[in-house]
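Read the structure below first, then the notes.
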Amino acid sequence: MSTKLFFTVLFATVLAISCTNPTEEGPQVFHGTGKILAVDAEKGTVTIDHGEIKGLMSAMTMDFDAKDKKILENIDVGDQVKFSLSKFGEDIDLVSIRRQGEKTISGAKIYLESCARCHGERGEGKKKGIPLIEGHALEHSKEDFLKQVRMGGEDMPAFDDKLSEKEIAAVVDYVRDQIQKGLRKDEESKHDHK
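Be aware that the sequence shown starts at 834, since it is given in my numbering, and climbs by one per residue.
What follows is the structure, given as structure tokens:
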């Protein structure tokens, strides 16, 4: 009898398991690497030229929606990144992203390419641009410089559409830390342009 009971219980268990609905599968996570081609932090989208993402897709350029827009705040065009995607059904979301080592931004190179023709190679000034090593330019705060480079001024072009925020910060740091080194007035004598 015990054998008969055993098979009856076994049959009932198998039948019960086969009649229940399978639980929904959870999201699958995939990892990849690539280069950022475009970022729209406001919309929460990023375009990545990525290598093969094993088990998901071959190498290609693709737009991804970020699960949380905040993960895109410190990512810039040109960054080499590692990222993770969550796939649930047909939906694929970017769930994490980080740089694969910081790209080097040379403030000196940007200055020579974008600023020296007007301000001189050593900040001495030229016909088109004011000197950065004397007078009024020494009174500006870092924030003033950042604003001036971004928005331009009376005779200065704006660079907010030509340089990234990191490039603008790098060139301003180069001017203040290298070209104006030892020349700037103290912070108390600075003035603000509003």
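Quick reminder that beta carbons are idealized off the backbone N, C-alpha and C, glycines included.
Since the model is a prediction, treat every value here as computed from it, not as a measurement.
Ala-970 and Lys-868 have their C-alpha atoms spaced approximately 38 Å apart. If you compare the alpha carbons of Ala-949, Leu-918, Glu-906 and Leu-1016 with that of Val-872, the shortest gap goes to Glu-906. For Gln-981, the enclosing alpha helix (DSSP H) stretches over residues 975-984.
In the structure shown, Ala-899 adopts extended strand secondary structure according to DSSP, grouped into three states.
Ranked by Cα distance from Ala-949, the first of Gly-922, Gly-888 and Val-1008 is Val-1008. Listed as beta-bridge partners of Asp-926 by DSSP are Asp-898 and Ser-919. In terms of Cβ geometry, Ile-966 and Gln-1013 form a close pair [threshold 9 Å]. Contact between Thr-894 and Asp-882 holds, since their C-beta atoms are separated by about 5 Å, short of 8 Å. In the three-state scheme derived from DSSP, where H, G and I count as helix and E and B as strand, Gln-1011 is classed as helix. Nearest to Gly-888 by alpha-carbon distance, out of Glu-875, His-864, Thr-878 and Asp-926, is His-864.
In the DSSP assignment, His-969 falls outside any alpha helix (DSSP H) and carries neither an H nor an E. Sixteen is the threshold: when 16 or more other Cβ atoms of the shown chains lie within 10 Å of the Cβ of Gly-956, as they do, the residue is buried.
DSSP, reduced to helix, strand and coil, places Gly-940 within a helical segment of the structure shown. Collapsing the DSSP output to three states places Ala-871 in a strand.
In this structure, Lys-920 places its C-beta atom within 9 Å of the C-beta atom of Pro-860. Taking all protein chains shown into account, Val-910 has fewer than 16 neighbouring C-beta atoms within 10 Å of its C-beta and is therefore exposed. Secondary structure of Ile-1001 (DSSP, three-state): helix.
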